[in-house]
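Shown next, in structure tokens, is the structure this report addresses.
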Amino acid sequence: MSTEGCYEHNFTLQMALDNAQRTRKQCAVAWLDISNAFGSMPHCHIFSILRELGLPDSVIDLVRELYHSCTTTVCTTDGETAEIPIWSGVSQGCPLSPIVFNLAMEVLFRAVAGSPGRLDLNGQKLSVLAYTDNLVLLAPDATQLQQMLDVTSEAARWMGLRFNVAKCASLHIDGRQKSRVLDSTLTIQGQTMRHLKESFIQYKVGAST
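In the UniProt record's numbering, the protein residues as written are 1 to 209.
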């Protein structure tokens, strides 16, 4: 994004939560944390995704060359280990790595965006907000959010990614109810996420608590 993307996403998410309460509608949200996001994606998947996105062979060959025969060693009390091949992850410190990672994640974003249960916010259809290695999914109810989570789980599995369920959370608001936050059970990759309580919506998204 050309401006502060995280701030814009926080503002959009806050609008979605406020709108559900103001218009007496539902809004279901899931916060997802990708475990070791930058170091987990297999190189073979990265190359496949770049080709699927239509990048020229010359660019793909350049990226392939950067990751060809990558190794590392570990210094121990007994000396340095033999070379250990690296088959996954993007290179730390390489200026190209953020671009490669974002392009590789595009497959996951498109899979979620293609789900039918997108949230309508003033005529704009929302499904996923990206915060580098964290995602926020939005849907009009818990059932459709779970469908999105299932799509996300499958896409992430294919990409070699896992979610850290201990850092994931969900929130289901129903503006029609006196108790606006519902205890809906939602899962990601077969694991149940914790659901946030009523007190969460007392704070603005992104505010220090």
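Positions of the beta carbon are idealized from the N, C-alpha and C atoms, including for glycine.
Rounded C-alpha distance that separates residue i from residue j
i, j, result
"residue 20", "residue 73", "53 Å"
"residue 178", "residue 116", "28 Å"
"residue 190", "residue 160", "16 Å"
"residue 131", "residue 83", "34 Å"
"residue 63", "residue 80", "29 Å"
"residue 47", "residue 58", "12 Å"
"residue 196", "residue 182", "9 Å"
"residue 42", "residue 126", "29 Å"
"residue 53", "residue 134", "22 Å"
"residue 139", "residue 75", "48 Å"
Per-residue DSSP class, three states only, for residue i
i, result
"residue 120", "strand"
"residue 68", "coil"
"residue 209", "Only weak support exists for where residue 209 lies, its pLDDT of 47 falling under 50; the value from the coordinates is given anyway. If DSSP states are grouped into helix, strand and coil, residue 209 belongs with coil."
"residue 94", "coil"
"residue 248", "Outside the displayed range of the chain (1 to 209) lies residue 248, so it cannot be described from this structure."
"residue 22", "helix"
"residue 195", "strand"
"residue 104", "helix"
"residue 2", "Low per-residue confidence applies at residue 2: pLDDT is 47, beneath 50, and the placement is therefore not dependable enough to give any value."
"residue 31", "strand"
"residue 82", "coil"
Cβ-based neighbour list, residue i, same chain, cut-off 7 Å, excluding 5 preceding and 5 following
i, result
"residue 2", "In this prediction, residue 2 has a pLDDT of 47, which is less than 50 and means its spatial position is unreliable; what the coordinates show is noted afterwards. Same-chain partners within the cutoff: there are none."
"residue 123", "none"
Buried/exposed call for residue i, threshold 16 Cβ in 10 Å
i, result
"residue 87", "exposed"
"residue 68", "exposed"
"residue 17", "buried"
"residue 119", "buried"
"residue 71", "exposed"
Residues near residue i by beta carbon distance below 6 Å, same chain, minus five either side
i, result
"residue 90", "38, 97, 100, 101"
"residue 152", "112"
Residue-chain proximity (residue i, chain B), Cβ-Cβ < 8 Å
i, result
"residue 136", "Of the protein chains in the structure, only one exists, and it is not chain B."
Contact test: residue i Cβ vs the ligand FAD heavy atom, cutoff 7 Å
i, result
"residue 101", "The ligand content of the structure shown is nil, which means the ligand FAD is not present either."
Contacts around residue i, its chain only, beta-carbon distance under 8 Å, and the 5 residues preceding and following it disregarded
i, result
"residue 106", "49, 53"
"residue 109", "128, 130"
Practice task
Check whether the region 162–171 touches the region 184–199, taking contact to mean three or more Cβ pairs, one atom from each stretch, closer than 8 Å.
Solution key: With a cut-off of 8 Å, the region 184–199 and the region 162–171 count as touching, because enough Cβ pairs lie within range.
Problem - At least 3 beta-carbon pairs within less than 8 Å: the region 25–39 vs the region 141–151 - result: Output reads yes: the region 141–151 touches the region 25–39.
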